[in-house]
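Reviewing the structure listed below.
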Amino acid sequence: MSYLFQQSSQQPWPSELNTARQGPGLELKDKITVEYIGDPRRDVGAIQANHPVPSNCTVYYYEFTILDQGLYGKIAIGFADKNFKLTRQPGWEDNSYGYHGDDGKKFIGNSHGEDYGPTFGTGDTVGAGIHLGRQELFFTKNGTKLKLAHRPMRAGLYPTIGLHSKGERVQVNFGHKPFVFDLEGMLAEERSAQRAAVERMPLSPAASHQLVRQYLLHYGYQASLGAFDEAAGLAAAAATPEGAAAAVSAPPPTSSAADAAAAADVASSSLPLRCRLRAAIQGGDVDGAVALLAAHCPALLRGEEEAGRGYGDVHFQLACQKYIELVRCARVEEAVQFAQATLSHLGGPSCAALAAPLRDVVALVAYQQPESSPLGHLLGQRQREAVADAVNAAVLAVLAEQQRVRQEGAVRQGKQE
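The sequence shown: position 94 = 94 (full-length UniProt numbering), numbered continuously.
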C-alpha cells in the first residue's frame, strides 16, 4: 500500500469495491474494475468502497483510470454516506459529493451542478480527496489538482463512483500502487508554506512567553501554568517591591486593554473550577463534571428550559459523552436506557444541526466491537478532549457575561447615587 500515513488496526482503510454495495447494471471484472452493462435509460449504477474514509489521517485520496468512457461518458467520482442510493450519481443526494465527467460539473448534495473543472474520458485518471486537516474536498485530473470543491468535509464517507452509459469501464486505485497525483508532494508544499509563514512572524521572547501562558490559562491547565510561572520566575518577581511598584505605576488601560484585563481576571478566578472540569471529563467522569457545573455554573445546564426543552448545546455534548462512556465500559444496557430516557429528549434551536452527531453517537451500540467500527474515534481520548475544550470555552463565556452584567449594574447604581 502506498498510503502516506500508518494505518490503524482499529480503522480499516478502503481497499476494494464492495460487491454488497453496488447499484444495477454493473459488472465487476475484479475487486477494483467495474463496467456498466445495463440500460442507460434506467437507473445509474453506483458502487462504494468496502470501508469509509478513516479519521486517523490528514488526507484521504483515491483515483480511478477510465479504461473506456462508453457511449456518453456519464462517469462520476466522489464520496457519499452509507445510506446513499446506489441508483444515483454521487453528488445528487444529501451527504454525497461528486465530480462528473460528461459535463465537468461538481454536485454537492443535490442534482443542480456547478461549473467546476474539465470533462474527462477514456485514458484519463481522475482522483478525489478529503483533506481532513482543512476539512476540504478536492479533485484531480491526470495529476493536476483542481480548485477547492467544497468545505467543510468530514471522515466517515465512502469513496463512491457512478456509471451510466453502456460500455463505461473504470479501474480504481485505492493506494495499492502509486497515484498519478503527487499527494506526498502536495503535503510537503503545505508544510513548507506553513514553516515559512511561521518564520516570517516577528515574535519576541516576551510575546512567546505570554502566548504560552495565555494558552495554559485559557484551557485550564492549572498545574502546568503553575510550573510554567515558577520556571519563569513570575511569582517571585510579582512578590518583589519593584514588581509591585511596576503594577501600581502602570498607566490606566484603554477600553480594549480593560476588556482583555477583565477576560484575564475571569480566566484566573475560574481556573480551579475549569481544571476540575477538564480532569473529570478527560477521566470519563461526566456525572462529576455535570455536578460541578450545577454547583458553580448552572446557566450552562439550563439550556432552553424556558421553552420547555431540556438541554443546551453544552449539556447536549455532555449527555452524548456520558452515553459514549457507558458504551466504552461495555455497559450497553445502561447506554440504551440512558438514550431512551435522556438523549431522545434533546432539543433546542440547534436541534437540526445536532441530529447528525447524535445519530453517530447512538449508532455505537450497533457494533459488536465499537472501538474497531467506523465510529471508533468517538471512544478515543481526543473525543474527551474536544468535549472538555467545549465546556471550558462555554464556562469562560458565561462567567465573562455574568461579570459584564454585574459591572454594568454597578455603574448604573453609581450614577443613581
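Backbone N, C-alpha and C define an ideal beta-carbon position, used for all residues, glycine too.
Limits of the beta strand (DSSP E) - the one that residue i falls within
{"i": "TYR62", "result": "59-69"}
{"i": "LYS106", "result": "105-108"}
{"i": "residue 442", "result": "Outside the displayed span of the chain (1 to 417) sits residue 442, for which this structure offers no information."}
{"i": "ILE47", "result": "45-49"}
{"i": "THR19", "result": "17-22"}
{"i": "VAL365", "result": "That residue, VAL365, is in no beta strand (DSSP E); it is neither H nor E in DSSP."}
{"i": "residue 425", "result": "No answer is possible for residue 425: it lies beyond the span of the chain, which begins at 1 and ends at 417."}
{"i": "VAL34", "result": "33-36"}
{"i": "GLU371", "result": "Run containing GLU371: none; DSSP gives neither H nor E here."}
{"i": "LEU148", "result": "No beta strand (DSSP E) contains LEU148, which DSSP labels as neither H nor E."}
{"i": "GLU93", "result": "No beta strand (DSSP E) contains GLU93, which DSSP labels as neither H nor E."}
Burial state of residue i, where buried means 16 or more other Cβ atoms lie within 10 Å
{"i": "SER270", "result": "buried"}
{"i": "LYS82", "result": "exposed"}
{"i": "PRO152", "result": "exposed"}
{"i": "GLY123", "result": "exposed"}
{"i": "LYS147", "result": "exposed"}
{"i": "PRO118", "result": "exposed"}
{"i": "HIS377", "result": "buried"}
{"i": "ALA197", "result": "exposed"}
{"i": "ALA149", "result": "buried"}
{"i": "GLU184", "result": "exposed"}
{"i": "SER204", "result": "exposed"}
{"i": "SER268", "result": "exposed"}
{"i": "GLN369", "result": "exposed"}
{"i": "SER96", "result": "buried"}
{"i": "GLN48", "result": "buried"}
{"i": "CYS329", "result": "exposed"}
{"i": "ALA206", "result": "exposed"}
Three-state class that DSSP yields for residue i in the structure shown
{"i": "TYR116", "result": "coil"}
{"i": "GLN317", "result": "helix"}
{"i": "ILE75", "result": "coil"}
{"i": "GLY380", "result": "coil"}
{"i": "THR240", "result": "Any reading at THR240 needs caution, since the residue's pLDDT is 47, under 50, leaving its predicted position unreliable; the model's value is listed next. Looking at THR240 - three-state DSSP - the assignment turns out to be coil, as it is neither helix nor strand."}
{"i": "HIS218", "result": "helix"}
{"i": "GLN210", "result": "helix"}
{"i": "GLY133", "result": "coil"}
{"i": "ASN83", "result": "coil"}
{"i": "PHE228", "result": "helix"}
{"i": "ARG169", "result": "strand"}
{"i": "GLY409", "result": "helix"}
{"i": "VAL180", "result": "coil"}
{"i": "LYS141", "result": "strand"}
{"i": "ALA155", "result": "coil"}
Nonlocal neighbours in the same chain, by C-beta distance under 7 Å from residue i, ignoring five residues either side
{"i": "ALA307", "result": "With a pLDDT of 32 at ALA307, under the threshold of 50, the modelled position of this residue cannot be trusted; read the value that follows with caution. Here the set comprises nothing."}
{"i": "SER111", "result": "TRP92"}
{"i": "GLU136", "result": "LEU148, ARG151 and MET153"}
{"i": "GLN402", "result": "none"}
{"i": "LYS31", "result": "GLU16 and LEU17"}
Segment limits, alpha helix (DSSP H) that includes residue i
{"i": "ILE281", "result": "271-282"}
{"i": "HIS296", "result": "286-296"}
{"i": "GLN340", "result": "332-341"}
{"i": "GLN194", "result": "183-200"}
Rounded C-alpha distance that separates residue i from residue j
{"i": "ILE161", "j": "THR87", "result": "11 Å"}
{"i": "LEU318", "j": "ALA280", "result": "11 Å"}
{"i": "LEU343", "j": "ARG384", "result": "18 Å"}
{"i": "ALA188", "j": "CYS275", "result": "37 Å"}
{"i": "PRO90", "j": "PHE139", "result": "13 Å"}
{"i": "LYS166", "j": "LEU301", "result": "59 Å"}
{"i": "ARG195", "j": "MET201", "result": "10 Å"}
{"i": "GLY288", "j": "VAL361", "result": "21 Å"}
{"i": "ASP285", "j": "GLN214", "result": "27 Å"}
{"i": "VAL44", "j": "PHE181", "result": "28 Å"}
{"i": "ASP115", "j": "LEU217", "result": "47 Å"}
{"i": "ALA299", "j": "THR65", "result": "56 Å"}
{"i": "residue 485", "j": "VAL59", "result": "Coverage of the chain is limited to positions 1 through 417, which leaves residue 485 absent and any answer about it impossible."}
{"i": "PRO54", "j": "GLY380", "result": "14 Å"}
{"i": "GLY283", "j": "SER373", "result": "22 Å"}
{"i": "TYR367", "j": "PHE107", "result": "32 Å"}
{"i": "LEU292", "j": "ARG134", "result": "35 Å"}
Same chain only: Cβ atoms within 8 Å of residue i, ignoring 5 sequence neighbours per side
{"i": "VAL332", "result": "LEU326 and VAL365"}
{"i": "GLN413", "result": "none"}
{"i": "ALA155", "result": "PRO52, VAL53, PRO54, SER55, TYR60, ILE130, LEU132 and HIS377"}
{"i": "GLU408", "result": "none"}
{"i": "VAL395", "result": "SER270, LEU273, ARG274, LEU277, LEU293, CYS297 and LEU300"}
Cβ-heavy atom distance, residue i to the ligand NAD, below 7 Å
{"i": "ARG406", "result": "This structure lacks the ligand NAD; in fact it carries no ligand of any kind."}
Own chain, CB closer than 6 Å to residue i, minus 5 neighbours either side, in chain order
{"i": "residue 419", "result": "There is no way to answer for residue 419, as the model of the chain reaches only from 1 to 417."}
{"i": "HIS296", "result": "LEU273"}
{"i": "ALA128", "result": "ILE77, GLY78 and PHE139"}
{"i": "TYR3", "result": "Model confidence at TYR3 stands at a pLDDT of 41, short of 50, so the residue's coordinates are unreliable; what they give is reported in the following sentence. Once the five neighbours on either side are set aside, the close Cβ partners of TYR3 are GLY175."}
{"i": "GLY143", "result": "VAL180 and PHE181"}
{"i": "PRO24", "result": "GLY38, ASP43 and GLY45"}
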